[in-house]
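Visitor: Numbering (the UniProt record's numbering), first residue to last: 1 to 595.
Note that CB positions come from ideal geometry on N, CA and C, so glycine has one too.
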C-alpha cells in the first residue's frame with residue numbers, strides 16, 4: 001500500500017512539529033494575507049487531528065492504544081468494474097473529487113479515511129485535509145458546514161463561516177466525512193441534501209464520504225461516484241492476524257487453519273477485518289467457526305466472557321458484578337436495544353450510567369450501574385472509552401444483542417418497526433430472522449406488507465389512480481442508459497426496496513420471471529420516445545408528484561401502471577407464501593406428534 005500512516009510515537013511527534021511547515025507550504029501569498037486579516041491558522045486543528053486519528057484501541061484483546069499503522073492492512077477498492085489499490089484510489093479521488101466509499105460493518109471504512117488523512121500530512125502533497133465524524137451532527141443538530149466549523153474553532157475561536165467558506169471554495173481542500181450511516185434516521189434526508197449541496201456549491205472541493213450501504217444505494221447523490229471496499233483476500237487476512245498483539249502460538253495455529261480450509265470455508269467472516277479478529281478469539285476458545293452469523297456472535301460473546309473468566313494462571317477473574325454469562329447477556333441486550341432504537345452509537349458518561357441503571361431496574365438486578373460499566377469495559381469488553389464518551393467495541397455487537405433481545409423477549413410491534421427500519425444497512429433484521437423467522441414475520445414483515453397493501457387503489461381505471469398505483473413503489477421517472485440505449489427508468493422508494501429485500505429473502509426469482517412475461521408483453525417504444533421529447537427533454541428526471549395532467553396521460557400511455565401492478569402482485573404472492581409455509585409447518589409438527 002503506497003499510503004503509509006504513522007509508525008511510532010516519535011514519528012507522530014515529528015509530524016506534529018512539521019505541521020506548521022505543511023501549512024506554509026500549502027497556502028500561497030493570498031492565503032497569508034487572508035490568515036493575517038482574520039487572525040487564525042489551522043496548525044492546532046491539524047496537530048490534534050493527526051494525533052487523534054493516528055491512534056486506535058485494541059478493543060477485543062486489551063485496553064492498549066496502538067498506532068493505526070501497526071494494525072492497518074489496506075484493501076482493494078472498486079469503482080465500477082475496476083479495482084484500485086488505496087494509493088491509486090486516492091489518485092482517482094483527486095480526479096473525480098466527489099466519492100462515497102461504501103462497505104458493510106467492520107470492513108475498515110474509518111481506517112481508510114484516517115489513513116488517507118495522515119498520509120496527506122505525512123507526504124506534504126499540497127492538499128489541506130479536514131476530517132469530520134458525521135455522528136457529531138446527531139449531538140449538535142447543526143449543519144455539516146457548521147459542525148465542521150465548530151470542530152476547527154475549538155482550536156481557534158476566531159475561525160468563522162467566512163474562513164471555512166474560503167477553505168472549501170479554493171483548490172486543494174479535501175473533506176473526509178466519516179460514517180454517514182451513523183446519522184440519525186430522521187436526519188438522513190436533510191444531510192443527504194446538504195452533502196449534495198456541498199458538492200454543487202464547491203466544485204473544487206474534494207469530498208470523500210464513508211458509509212454502510214443505504215437503501216437507495218446513493219442513487220440520489222447525483223454528483224458522487226460510489227466506490228466499494230473489497231473483502232480481504234487470503235494474504236491480506238494473514239497480514240491482519242500477524243499485526244495483532246496476540247498469543248503467538250494461537251496466531252500461528254489460526255493462520256495455518258486459514259491457509260488450509262478456514263478462509264475459504266468461512267469467507268463471509270474471514271474476509272472482513274473486524275469479523276476476522278473476532279474469529280481469532282472464537283477459534284482459540286472453540287477450535288471451529290459456525291456458519292450462521294448470529295451463532296458466530298453468540299460464540300464470540302462466550303469466548304470474550306470465558307477469556308476473562310479464568311486467567312492463564314487458573315485464578316478466577318475479579319468480577320465487578322458476579323453476574324453469570326446469561327444474566328449479563330440479557331441486561332446488555334436490553335442496553336443494546338435501548339441505544340440502538342434511539343440510534344445512539346456513542347454515549348456520554350451520564351447517558352451511559354442512566355441507560356445501564358434503567359436496564360438493571362428492568363432486570364430487577366441489585367448490581368450498581370458503575371460496577372456493570374466496569375464489567376463491560378474491563379472483564380467482558382463490549383464497551384470502550386472513546387475520548388470522554390463511551391461506545392460499543394463495535395456496532396455489530398450492538399446489532400447482535402439487539403436482535404437477540406427482540407426475539408427472546410416480549411417486544412411490542414412498534415419497537416420492531418423502529419428497530420427494523422435500517423434493514424438495508426444493518427444486520428439486526430437478518431440475524432433476528434435467522435434466530436426466529438416467525439417472530440420477525442409476525443411483528444415486522446407481515447404488518448409492513450399489510451400497510452403497503454392498504455395503499456393499493458381499489459379501481460385503477462382512471463389516470464390519477466394509475467399514477468397512485470405506481471407511486472406506492474416508485475417516486476420519480478428518469479432517463480437511464482442500458483447497453484448504450486436510452487430508456488425510461490423508475491426510481492425505487494422505501495416500499496420497493498422493502499419488496500426487493502423480501503424477494504431475496506424468500507427467493508422469489510421464478511415468480512419474477514412469471515410476472516415479467518405477464519406484464520412486459522407490449523412494445524412501448526413509441527410512447528417512451530414521446531415522453532423523452534415532450535416531458536424529460538433536457539431534464540434527467542421528474543418526480544411523479546410533479547406531473548401535470550398531460551404528463552400523467554403520457555405515463556399511462558407508456559403502460560407504466562404495469563410496474564405498480566407487478567409490484568403489488570409480487571408482494572401479495574410473498575404474503576401468501578409466508579402464511580402457507582406457516583400453516584404447512586404447523587401441519588408437519590401435528591402429523592409428526594400424532595402420527
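If you follow the beta strand (DSSP E) that residue 391 is part of, which residue opens it and which one closes it?
Guide: 389-392
Visitor: Are the CB atoms of residue 244 and residue 445 within a distance shorter than 8 Å?
Guide: Contact: no.
Visitor: Under three-state DSSP, which class holds residue 173?
Guide: Note: residue 173 maps to strand in three-state DSSP.
Visitor: Below 8 Å on the Cβ atoms is my contact criterion, and I expect residue 450 with residue 472 to pass it. Report the Cβ-Cβ distance as a whole number of Å.
Guide: About 13 Å separates the two Cβ atoms, so there is no contact after all.
Visitor: Taking 6 Å as the limit between beta carbons, can you name the residues of its chain near residue 336, skipping five residues before and five after?
Guide: Around residue 336: 398, 401 and 402.
Visitor: Is the Cβ-Cβ distance between residue 101 and residue 210 less than 8 Å?
Guide: yes
Visitor: In the DSSP assignment, what are the bridge partners of residue 386?
Guide: 389
Visitor: Okay, do the region 147-167 and the region 103-112 touch, 3+ Cβ pairs below 8 Å being the bar?
Guide: no
Visitor: Report yes or no: do three or more beta-carbon pairs, one from the region 423-430 and one from the region 449-466, lie closer than 8 Å?
Guide: no
Visitor: Under the assumption that residue 490 contacts residue 503 (Cβ atoms under 8 Å), give the Cβ distance between them as a whole number of angstroms.
Guide: Their Cβ separation, rounded to whole angstroms, is 16 Å, which puts residue 490 and residue 503 out of contact at 8 Å.
Visitor: Residue 631 by DSSP, collapsed to three states: which one?
Guide: This structure cannot settle anything about residue 631, because the visible part of the chain is limited to 1 through 595.
Visitor: Where residue 54 and residue 68 are concerned, what is the direct C-alpha to C-alpha distance, given to the nearest angstrom?
Guide: 5 Å
Visitor: Is any heavy atom in the ligand HEM found nearer than 7 Å to the beta carbon of residue 339?
Guide: Ligands are entirely absent from the displayed structure, and the ligand HEM is therefore not among its contents.
Visitor: Counting only runs of 3+ residues fully inside the region 485-538, write out the beta strand (DSSP E) ranges in chain order.
Guide: Entirely contained in the region 485-538, the beta strand (DSSP E) runs reaching 3 residues are, in chain order, 485-492.
Visitor: Under DSSP, the beta strand (DSSP E) around residue 131 begins and ends at which residues?
Guide: 128-133
Visitor: Given that a residue counts as buried once 16 or more other Cβ atoms are within 10 Å of its Cβ, and exposed if not, what is residue 326?
Guide: Result: exposed.
Visitor: For residue 271, collect the residues of the same chain with a Cβ closer than 6 Å to its Cβ; drop the 5 residues on either side in sequence, then sort them by chain order.
Guide: Excluding five sequence positions before and after residue 271, the CB atoms of its chain that fall closer than 6 Å to its own CB belong to 231 and 232, given in chain order.
Visitor: Within this structure, are the beta carbons of residue 172 and residue 127 separated by less than 8 Å?
Guide: yes
Visitor: Could you pull the start and end residues of the alpha helix (DSSP H) that residue 326 belongs to?
Guide: 325-341
Visitor: Classify residue 564 as buried or exposed, calling it buried when 16 or more other Cβ atoms lie within 10 Å of its own Cβ.
Guide: buried
Visitor: Quick check on the DSSP output: the alpha helix (DSSP H) that includes residue 96 runs from which residue to which?
Guide: Counting along the chain, residue 96 sits inside the alpha helix (DSSP H) bounded by residues 86-96.
Visitor: Is it the case that the Cβ atoms of residue 439 and residue 227 are separated by a distance below 8 Å?
Guide: No, they are not a contact pair.
Visitor: Taking 6 Å as the limit between beta carbons, can you name the residues of its chain near residue 291, skipping five residues before and five after?
Guide: none
Visitor: Taking Cβ to Cβ, would you say residue 286 is nearer than 8 Å to residue 299?
Guide: yes
Visitor: In this structure, how does DSSP classify residue 547 when only helix, strand and coil are distinguished?
Guide: coil
Visitor: Using DSSP's beta-bridge definition, name the partner residues of residue 57.
Guide: In the DSSP assignment, the residues bridged to residue 57 are 65.
Visitor: Between the C-alpha atoms of residue 507 and residue 352, what's the straight-line distance to the nearest angstrom?
Guide: When only Cα atoms are considered, residue 507 and residue 352 end up about 41 Å apart.
Visitor: Starting from the C-beta of residue 185, find all residues in its chain whose C-beta is less than 8 Å away, skip the five residues before and the five after it, and write them out in chain order.
Guide: The answer, listed in chain order, is 343, 421 and 422.
Visitor: Look up residue 541 in the DSSP assignment and say whether it is helix, strand or coil.
Guide: strand
Visitor: Expressed to the nearest angstrom, what Euclidean distance is found between the alpha-carbon atoms of residue 386 and residue 123?
Guide: 28 Å
Visitor: Ordered along the chain, which non-local residues of its own chain (more than five positions away) have a Cβ less than 6 Å from that of residue 372?
Guide: 321 and 356
Visitor: Taking Cβ positions, are residue 301 and residue 254 nearer each other than 8 Å?
Guide: no
Visitor: Could you check whether the Cβ of residue 131 sits closer than 8 Å to any Cβ belonging to chain B?
Guide: This model lacks chain B altogether, as it is built from one protein chain only.
Visitor: If residue 121 and residue 177 are in contact, beta carbons under 8 Å, what's the gap, nearest whole angstrom?
Guide: Incorrect: roughly 18 Å between the Cβ atoms, too far for contact.
Visitor: Buried or exposed, going by whether 16 or more other CB atoms sit within 10 Å of the CB of residue 453?
Guide: exposed
Visitor: Cα separation between residue 92 and residue 175?
Guide: 15 Å
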